[in-house]
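Below is one structure, written out as structure tokens; the observations come after it.
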Amino acid sequence: MPRCTPRTTLDRLRTPRRFPKFLKAASICVLVAGLLSPLTQAAAAGGTAGLAANDYCGGQCSDILPPGENGNATLAQILLNQVFGTQPDHAEDQLGPYSNLAAGYSTLTDDKINTFFNDASFGVASDQVASTTKPGGRTDVTIVRDKKSGVPHITGTTRYGTEYGAGYAAAQDRLWLMDVFRHVGRGQLTSFAGGAPSNQGLEQEFWRNAPYTEADLQAQIDSATANAGARGAQALADANAYLDGINSYIDASDSGRYFPGEYVLTGHKDAITNAGTIDHFKLTDLVALASVIGALFGSGGGGEVNNALSLLAAQSQYGVTEGTKVWESFRERNDPEAALTVHNGESFPYATKPDTAQGEALPDAGSVAQEPLVYDRTGSAGTAKATGASATAAATTLTSAKRGMSNALVVSGKATASGHPIAVFGPQTGYFAPQLLMLQEIQGPGLSARGASFAGLSMYVELGRGQDYSWSATTSGQDIIDTYAVELCQDDYHYLYHGTCIAMDKVERTNSWKPTTADGTAAGSYRMQVYRTKYGPVEYRATVGGKKVAYTTLRSSYMHEADSIIGFQMLNDPDYVKSPGTFQSAVQHINYTFNWFYADSAHTAYYNSGDNPVRASGVDAEFPVWAQAAYEWQNWDPATNTAAYTPASAHPNSVDQDYYISWNNKQAKDYTTAPWGDGSVHRGNLLEDRVKKLVAAGGVTRSALTRAMADAALADLRAEDVLPKLLQVVKSSPVTDTAAAAAVTKLSDWVAAGARRKETSAGSKTYANADAIRILDAWWPLMVKAEFAPGLGTDLYTAFTANLPIDESPSAAHGPTGAHAGSSFQYGWWSYVDKDIRAVLGQPVQGGLAQKYCGGGSLSACRDILISTLKTAAGLTAAQVYPGDDQCSAGDQWCADSIVQRALGGIKHGRITWQNRPTYQQVVEYTSHR
């Protein structure tokens, strides 16, 4: 089928039909030629920049960030890309090496690592300098870009100049994307970029979570900087300098007419007269950007209402006592078989189940209704696609199954060939064009780092390396969000606060749009409305014991989106981070929920960050509680949304453990995470099994650890860790049915071959063991339902699937990025199936389910269920299993799994083969230390 542009910010990037045919065809070259004539930004080729003397990695630090560093494109470049497929310089030169690792990892050696990664050494060799720029004509900062990848290397002699250069470089590489996301954070994307349903869903998802006014955004800046002393004052100065650099580039690119072409295509600029404006950035834009990133990757918790609904369904099915027992067994709060990041047995209790819960406010059956967000729809806002996007956005926002992603493999020097620690780690942030992250090196007074930062927040490197250490993060997901039941009084918009009836605060946002060249969505509009209380925004309405309540969500980082700036500032400061201890001290200043990893030439370290509120005694964090003083966070001040937080020592942390792995799995013993599914089978096991084996053998190298990561990136978790047990049940008696026997043979052969979703050869776009993969993809959902639904009952089974999806295969349309997002197998029922099947087989199970479900616990009945569903799955065609979408024709298995760089601008890129790995990734091994 014809390749379609992904339906994101630029939903239909096509020459409008009203244009004459000659403009669509031959004369487009004339238009492009004319557009190429404006001035280009000043840059002198050549230069004498050399390798930095403050680099202690010895050429053994590498990184990669697809598709490419250059995320800006002029109108001419966009048109050339759309018509002829040409790419601007450095727009996708990291995509090929990144993709090629899937086929090349098995023979990887240390000397070939930079075939698939960039050299992440500080500085640029003089013969590798592509351009040297003095942004804004300043003499105190230089931006050097290298020939291979075009990464900006910013060197300043003053702090102001350094940050000015960082802002200028950010705008050079990501101006349009930064503009998009400052509007997302404010809930104003559709008015800015068009009313495509995906844009509607995106702005609704984030504004529901953080419905801030301009005053709220400014207050967060004032608070974050005022409460951090000299570092706060420095952060404010850095941010202002950074903004000056961004705005300098906006002015230069506007007058020089080399600004991103999306401004023309969305109607903000005129290609002929240059009329129109690109608004300058301001401090509050940075907070709006931070709120989006924090909501996406660093805000664990929520889902208490869904938890309550499934508990009530369990109690209805089994009775209160047994139903509660069943619910707890599926919740797996502290599963003894879960893969742990801190695996030395140390306990870090958090959000544990109280002996006797206090203050619970469970809803009356059938009374829960989600609070509407969108009102007064007109035009295209009222279509089925638009309302469907709204429903998806609401579900994504309110679930505890936050999209974590990201992984880390860190090995102590005790197990490496060199005696120095090795780390392979990075964030899994989805795939976009341009990418959400950007690479940079920043060197100046008090600043020395290279790595990745979110576009528009790159005054500091957020994930990367310093002079003699590297750091990275994965999403942790511990619970910093609680749900309160506020009792209504007077009407539906007043509530009781400490015995006084007070009004809710109503915040509104009205958006409208009309068709543009970029987005032909018909004109439309709507109004978003959120009611806020001292306990956070209203998310549901219900009754509790007959009393009308509003359920609100309170997040510890709510109204504190800017606070983490101090921690990132410290990570970039070579005079601050000098050891595992100072690293841990730095990341303690980050209030979002992340797992942080560190490696230098002698040590490794780990710390779990986030403002973990100290809950009132007896409060169960799993369920809504009454909005009463007795059940509030300790020392909570609603005026500032501050409270008592657990001390640093209570957060999972470690130094020099033999190895660390993280793939959003459980952090440590007794440390409860908000999402469901931290059980016996988790994608963290894919790393745990491989790294543990390497460490046991000893002599680990950078290439060996990279191979382990890359092998796990192609593994099908279900096939590697659950399918062998399913086949054990099936083979417990001879399989006489020919269709079932053929399917069993294919599945067994796939398991024997490694259970990977891997091409037959590089670029073949066909999987080895393709039939087995198709069978399992079809079988899993059929099998899970047949295994559990009869015993659980329809209502409880449905409620549990709202807590935890049953599957997340590569071809599933999962996560905020939709299908083709790479990240897979984070959430699913693999642990439930594993524990249940082992119980049916009579094998020992720690933390087992409360009952046996497959075949009611009968091995023969369970076998019959598995064979019956297997036969059905085997009979489904590829077209039925992979029905096709805007990227792929029905039946194209490889394409269904493939990764797409989702267009957030006018440049498109080709699909790459599936890999379940970080988007930005480092491979590091330091040779010495300061």
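Residue numbers for the sequence shown follow my numbering, beginning at 69 and rising by one.
We put the beta carbon where it would ideally sit given N, CA and C, even for glycine.
A quick note: this is a predicted structure, and the numbers were derived from the prediction, not measured.
Item	Value
May I ask you to report which of helix, strand or coil DSSP gives L243?	helix
Write down the C-beta distance between G519 and M246 rounded to the nearest angstrom, noting that I regard them as a contact closer than 8 Å.	The pair is not a contact, with the Cβ atoms about 18 Å apart (cut-off 8 Å).
Tell me the DSSP bridge mates of D705?	T710
Is it true that the CB of L133 sits closer than 8 Å to the CB of L364?	no
If A462 and L430 are in contact, beta carbons under 8 Å, what's the gap, nearest whole angstrom?	In fact, because the Cβ distance is near 21 Å, the residues do not count as touching under 8 Å.
Alpha carbon to alpha carbon, how far is K939 from D932? Give it in angstroms, no decimals.	11 Å
On the DSSP bridge assignment, give the partners of D612 in chain order.	The sequence as given places Val at residue 612; Asp does not occur at that position. DSSP output for V612 lists K615 as bridge partner(s).
Work out the CA separation of T420 and T740 for me, nearest whole Å.	6 Å
Taking the CB atoms as reference points, tell me whether F665 and V478 lie closer together than 8 Å.	yes
Taking the alpha-carbon positions, what's the E273 to G253 distance?	10 Å
What residues in its chain sit with their C-beta under 8 Å from that of W744, if we drop five residues either side in the sequence?	F398, R399, E400, S468, A469, N871, L872, Y895
Could you tell me which whole beta strand (DSSP E) segments of length 3 or greater appear in the segment 712-758?	721-723, 727-730, 737-739
Pair every Cβ in the segment 585-601 with every Cβ in the segment 523-537, then say whether three or more of these pairs are closer than 8 Å.	no
Can you list, in chain order, the residues of its chain with a C-beta nearer than 7 Å to that of D444? Leave out the 5 residues immediately preceding and following it.	Y594, R595
Does the segment 717-729 touch the segment 409-428, meaning 3 or more C-beta pairs lie closer than 8 Å?	yes
Thinking C-beta only, is D863 closer than 8 Å to S384?	yes
Assign T995 to one of two classes, buried (16 or more other C-beta atoms within 10 Å of its C-beta) or exposed (fewer than that).	exposed
Considering only the beta carbon of each residue, do D1065 and H997 sit closer than 8 Å?	Only positions 69 to 998 of the chain appear in this structure, which leaves residue 1065 out of reach.
How many Å lie between T981 and A778 at the Cα?	13 Å
I need the DSSP call for G313, collapsed to helix, strand or coil.	helix
Look at the Cβ atom of I570, then the Cβ atom of E993, and state whether they are nearer than 8 Å.	no
Would you mind reading off the limits of the alpha helix (DSSP H) that contains G269?	265-277
Grab the span of the beta strand (DSSP E) containing S367 for me, first residue to last.	Element bounds for S367: n/a, residue is neither H nor E.
Under a Cβ-count criterion, where at least 16 other Cβ atoms within 10 Å of its own Cβ denotes burial, should K761 be classed as buried or exposed?	exposed
Based on Cα-Cα distance, which residue from S892, T987, A780 lies nearest to D965?	S892
Among I549, D805, T341, D312, which one has its Cα closest to the Cα of A234?	D312
Hey, how far is the Cα of T465 from the Cα of T806?	46 Å
With a floor of 4 residues, list each alpha helix (DSSP H) that falls wholly inside the segment 603-680, ordered by position along the chain.	633-639, 648-655
I believe A501 touches G269 by the beta-carbon criterion, under 8 Å. Please report the beta-carbon distance rounded to the nearest angstrom.	In fact, because the Cβ distance is near 19 Å, the residues do not count as touching under 8 Å.
Tell me which residues share the same chain as Y310 and place their Cβ nearer than 6 Å to its Cβ, disregarding the 5 neighbours each side in the sequence.	E231, A234, G235, M527
Which value, in whole angstroms, describes the spacing of the CA atoms of D195 and K215?	9 Å
Throw me the rounded Cβ distance for the N640 and V529 pair, which I believe falls under 8 Å.	6 Å
In whole angstroms, what separates the C-alpha of I975 from that of A630?	31 Å
Anyone know if the C-beta pair for G534 and A670 falls short of 8 Å?	no
How about D195: is its C-beta nearer than 8 Å to some C-beta of chain C?	Any reference to chain C falls outside this structure, which holds one protein chain only.
Within its chain, find whatever has a CB closer than 7 Å to the CB of R825; leave out the 5 residues flanking it on each side and keep chain order.	L782, D784, Y835, I841, P878, D965, W982
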